Amino acid sequence: MIHPIEERYRTEIADIFEEHSRLSKMLQVEFALAQTHLENGIITQNDYNLLFRAKNKVTVGLVKEIEKETRHDIMALVEALTRVSGCDKAHIGATSSDIVDSALALQLREANQVIIADLWILKNLLLSKAEETKRLVCIGRTHGQHAIPMTFGMKFALWAYELTECLAELNKMNFYGKMSGAVGTFASFGEKGMELQKRVMEILGLSAPLISNQVVSRVNIAKYLFHLIAVVSIIEKMAREIRNLQRSEIQEIAEPFAELQTGSSTMPHKRNPVLSENLCSLAKRVRTNILPALENISLEHERDLTNSANERIIIPETVILTHFMIKRMTRIFVGLTFYPENIRRNVQIDPAIFMEKKMVELVTEQGLGRQAAYSRAKDFISEKKISPESYIGLSEQIVTKTIEKLRSSE
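2 is the number of the first residue of the sequence shown in the numbering used here; add one for each residue after it.
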């Protein structure tokens, strides 16, 4: 193992990008084309039957063996299918990218369904946490400094809202295949080429582009990776907050820590937020994949291969690591520990957090100008102890409304 997604960060989505799965999906595209040719009278029922019955006989090993001679992966696939089926009627009119891009779309669609399902689990867990903590008063912080009181539920509700926005985009994604031949003109398919592409995509359950050249436009792939990376960035945001609130001098919450887990090889007392730190580290890596995805949009003329090699890396890596991060973040929230006494202590450390409250009172109740009240507010802070619960604004109502809105959208 060289790349850690092979084992350390692997999820079930990795199976979708394994070679046997890719081969299976490329064959699926070839059979969809063959079925369409059968319907159009280009091949016979016997031709189709021979091809289809051979689907389980075409192996990765055989294709790789032939590829040593052809130095071309799709030509090796077609040769393998021809050999094992005894029928030389596969791949009629298609160019390699018709097969490769359509198979990639099938992979992404399948992976997206898994990601959406697990993202819903994380979102609903956040809503449950928001409900549980909508009255748990804590200190809000800006610039790393104490600001004014709020509730913990605000944090969870906001994160759930942000993930909901991402879910909406992922649910709207179209995954495009193509069957338009070399440079996208349908020349090899004749006058009914557009109808043929539509039918092939119908069989595969994919979207057909309005226009393409020899490859599907990389704009849509870049958009999809961007939406995944947006999810990753939100997860990093949550993980960073947990790490900061787990600091010894703050210690309001803590990520799960197993009974036999070791925090440090030399300091027995350490309980390090390693799960959250791991997520922040992975986010740095995943975000870099958007750059080659954007650069892949600009291919020379009607296509070149400068997208191909890096896509074999950035697409599965982004999808798998995003899924891993979703599952790990879910695990963290399931086992999240709260320290109510510390939360209460921290919100009461500095009475200056109520200066805004006093400033507003000097304006609305005593008629002072806003600037004068701003200057004088600090003089009244020590007059009496102010309860944090009295100055959380509409925190509870905001959380309740957000929960109701996001749950009704399901």
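Glycine residues also receive a C-beta, built at the ideal position from the N, C-alpha and C atoms. Since the model is a prediction, treat every value here as computed from it, not as a measurement.
Going by DSSP, R136 is part of no alpha helix (DSSP H) at all; its letter is neither H nor E. Taking the Cα positions, L369 is about 21 Å away from I387. The alpha-carbon separation between R408 and K124 amounts to approximately 10 Å. Per DSSP, the unbroken beta strand (DSSP E) holding M151 starts and ends at Q146 to T152. Residue nearest to R272 within the set K285, S282, V287 and Q252 is Q252 (criterion: CA-CA distance). Rounded to whole angstroms, the separation of the alpha carbons of T83 and N50 is 13 Å. DSSP, read as helix, strand or coil, puts G42 in coil. For Y375, the uninterrupted alpha helix (DSSP H) run begins and ends at R371 to R377, by DSSP. Sorting F325, E296 and E303 by C-alpha distance to the C-alpha of N311 places E296 at the top. A77: member of the alpha helix (DSSP H) spanning D74 to S86, first to last residue. Comparing alpha carbon positions, the residue from C88, R377, V30 and T323 closest to K199 is V30. In this structure, the straight-line span from the alpha carbon of V79 to that of D119 is close to 37 Å. By the beta-carbon neighbour count (other beta carbons within 10 angstroms, threshold 16), V220 is exposed. Boundaries of the alpha helix (DSSP H) harbouring Q398: S396 to S409, taken from the DSSP string. When only Cα atoms are considered, K130 and I399 end up about 14 Å apart. Scanning the region 148-194 for uninterrupted alpha helix (DSSP H) segments of 4 residues or longer gives 153-173, listed from N- to C-terminal end. The Cβ atoms of V115 and I17 lie closer than 9 Å to each other.
Contact between Y177 and V217 is confirmed by a C-beta separation of about 5 Å, below the 8 Å threshold. Under DSSP, S208 forms a beta bridge with Y177. A81 and S181 have their C-alpha atoms spaced approximately 23 Å apart. By the Cβ neighbour-count rule, N113 is buried, with 16 or more other Cβ atoms within 10 Å of its own. In the DSSP annotation of this structure, K58 is not part of any alpha helix (DSSP H), being labelled neither H nor E.
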